[in-house]
Amino acid sequence: DTEVTQTPKHLVMGMTNKKSLKCEQHMGHRAMYWYKQKAKKPPELMFVYSYEKLSINESVPSRFSPECPNSSLLNLHLHALQPEDSALYLCASRYRGGPFGYGYTFGSGTRLTVV
Amino acid sequence: GQQLNQSPQSMFIQEGEDVSMNCTSSSIFNTWLWYKQDPGEGPVLLIALYKAGELTSNGRLTAQFGITRKDSFLNISASIPSDVGIYFCAGQLNTDKLIFGTGTRLQVFP
Numbered sequence: 173d174t175e176v177t178q179t180p181k182h183l184v185m186g187m188t189n190k191k192s193l194k195c196e197q198h199m200g201h202r203a204m205y206w207y208k209q210k211a212k213k214p215p216e217l218m219f220v221y222s223y224e225k226l227s228i229n230e231s232v233p234s235r236f237s238p239e240c241p242n243s244s245l246l247n248l249h250l251h252a253l254q255p256e257d258s259a260l261y262l263c264a265s266r267y268r269g270g271p272f273g274y275g276y277t278f279g280s281g282t283r284l285t286v287v
Numbered sequence: 005g006q007q008l009n010q011s012p013q014s015m016f017i018q019e020g021e022d023v024s025m026n027c028t029s030s031s032i033f034n035t036w037l038w039y040k041q042d043p044g045e046g047p048v049l050l051i052a053l054y055k056a057g058e059l060t061s062n063g064r065l066t067a068q069f070g071i072t073r074k075d076s077f078l079n080i081s082a083s084i085p086s087d088v089g090i091y092f093c094a095g096q097l098n099t100d101k102l103i104f105g106t107g108t109r110l111q112v113f114p
């Protein structure tokens with residue numbers, strides 16, 4: 173299995189809803205990432221988990237709550253979102269690309285619409 | 005958030021032409037990666053560069069890690085219609101942080 177799998181592929185939620193995005197990989201990668209991507213913009217880093225511990229939080233609002241239950245699974249819990257949070261949410265995992273650096277594999281993303 | 009400067013912003017070329025795009029930064033990177041993203045999909049890795057001065061090819065694609073470690077370029081030779089998409093450079097600042105360039109949108113006309 174050489175993929176990062178994200179579910180659901182599409183999600184529509186109201187501003188009072190609570191929902192979760194899920195990301196899974198079975199490649200043994202020990203660092204996992206959440207990115208947010210608005211239309212026609214590059215992905216923006218949100219969170220990094222390294223060895224199941226949160227290592228980077230890029231000043232993301234608390235209505236986004238990440239969780240890494242184990243080395244294969246990464247969740248993003250959503251609560252009280254705003255319409256401007258509508259975006260493509262991408263998950264990635266990091267692997268050793270060679271003796272000198274890393275590579276990153278991305279999932280296909282979850283297209284989130286907040287109404 | 006932090007971004008890398010990528011140019012050109014968009015390119016409209018004829019099938020068969022060569023393409024060149026580049027990324028620059030004020031920061032030093034220890035890894036440069038080039039990705040292609042199709043609409044509604046996640047980025048797909050094209051080429052990874054790990055050493056300053058490194059020149060790497062992947063089929064019709066060639067990329068180089070700048071000697072100053074602050075820039076990188078990607079060339080596509082003999083473009084074909086399926087090359088259409090958005091190309092992103094990405095630089096690794098430290099072990100955990102990967103940031104993206106602003107993207108180059110490529111359109112190929114037959």
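Going down the list, the protein sequences come from chains A and B. Per the working numbering, the first sequence starts with residue 173, numbered consecutively. Per the working numbering, the second sequence starts with residue 5, numbered consecutively. No residue lacks a Cβ here, since even glycine has one placed at the ideal position from N, Cα and C. Remember, predicted model here, so these are calculated numbers, not experimental data.
Residue i touches chain A at which residues, Cβ-Cβ below 8 Å?
i, result
"lysine 40(B)", "Residues of chain A passing the Cβ test: none, with the nearest at roughly 11 Å."
"lysine 55(B)", "Phe272"
"asparagine 26(B)", "Those within 8 Å of asparagine 26(B) in chain A number zero; the least Cβ separation is about 15 Å."
"glutamine 68(B)", "The contacting residues do not exist; glutamine 68(B) stays about 15 Å from chain A at best."
"glutamine 96(B)", "Gly273 and Tyr274"
Just checking my contact of residue i with residue j at CB under 8 Å: how many whole Å lie between their CB atoms?
i, j, result
"alanine 67(B)", "aspartate 22(B)", "With a Cβ gap of about 14 Å, alanine 67(B) and aspartate 22(B) do not count as contacting."
"asparagine 9(B)", "serine 24(B)", "That pair is no contact at about 15 Å."
"glycine 273(A)", "threonine 72(B)", "Wrong, their Cβ atoms sit about 17 Å apart, outside the cutoff."
"arginine 283(A)", "lysine 181(A)", "7 Å"
"isoleucine 228(A)", "leucine 217(A)", "7 Å"
"leucine 289(A)", "lysine 191(A)", "Given a span of 173 to 287 for chain A in the structure shown, any question on residue 289(A) remains unanswerable."
Going by the beta-carbon positions, is the gap between residue i and residue j smaller than 8 Å?
i, j, result
"lysine 208(A)", "alanine 252(A)", "no"
"glycine 107(B)", "serine 280(A)", "no"
"leucine 226(A)", "proline 238(A)", "yes"
"serine 243(A)", "glutamate 224(A)", "yes"
"isoleucine 80(B)", "arginine 109(B)", "no"
"alanine 121(B)", "glycine 275(A)", "Outside the shown range of chain B (5 to 114) lies residue 121(B), about which nothing can therefore be said."
"proline 255(A)", "valine 232(A)", "no"
"glycine 70(B)", "serine 76(B)", "yes"
"isoleucine 103(B)", "lysine 74(B)", "no"
Strictly by DSSP, which residues pair up with residue i?
i, result
"serine 11(B)", "Asn26(B)"
"methionine 185(A)", "Val286(A)"
"glutamate 196(A)", "Thr177(A) and Leu245(A)"
"serine 76(B)", "Cys27(B) and Phe69(B)"
"glycine 279(A)", "None, per the DSSP bridge assignment."
"lysine 101(B)", "In DSSP, lysine 101(B) forms no bridge with anything."
"valine 112(B)", "Ile17(B)"
"glycine 89(B)", "Leu110(B)"
"alanine 94(B)", "Leu37(B) and Phe104(B)"
For residue i, return the contacting residues in chain B, with the cut-off set at a CB-CB distance below 9 Å.
i, result
"alanine 203(A)", "Thr99 and Asp100"
"serine 280(A)", "Gly44, Glu45 and Gly46"
"leucine 262(A)", "Gly46 and Pro47"
Run down chain B in chain order and give the residues with a C-beta less than 8 Å from the C-beta of residue i.
i, result
"valine 220(A)", "Asp100 and Lys101"
Could you name the residues of chain A that residue i contacts, counting a contact when the two beta carbons are closer than 9 Å?
i, result
"glycine 105(B)", "Pro214"
"threonine 35(B)", "Gly269, Phe272, Gly273, Tyr274 and Gly275"
"phenylalanine 92(B)", "Pro214 and Pro215"
What residues from chain B crowd round residue i, counting only those whose CB sits closer than 7 Å?
i, result
"serine 227(A)", "Asp100"
"arginine 235(A)", "Those within 7 Å of arginine 235(A) in chain B number zero; the least Cβ separation is about 17 Å."
"leucine 248(A)", "Result: empty, since nearest Cβ-Cβ is about 15 Å, beyond 7 Å."
"leucine 183(A)", "Neighbours of leucine 183(A) on chain B: none; closest Cβ ~14 Å, over 7 Å."
"leucine 253(A)", "Within 7 Å Cβ-Cβ: nothing; leucine 253(A) doesn't reach chain B, min ~19 Å."
Can you pull the chain A neighbours of residue i, defined as C-beta to C-beta under 7 Å?
i, result
"alanine 82(B)", "The contacting residues do not exist; alanine 82(B) stays about 26 Å from chain A at best."
Contiguous beta strand (DSSP E) assignments of at least 3 residues, all confined to the region 200-277 of chain A: Scanning the region 200-277 of chain A for uninterrupted beta strand (DSSP E) segments of 3 residues or longer gives 203-209, 216-222, 225-229, 236-242, 245-251 and 259-268, listed from N- to C-terminal end.
Segments of 3+ residues assigned as beta strand (DSSP E) that fall wholly inside the region 19-66 of chain B: Listed in chain order, they are 23-28, 35-41, 48-53 and 59-62.
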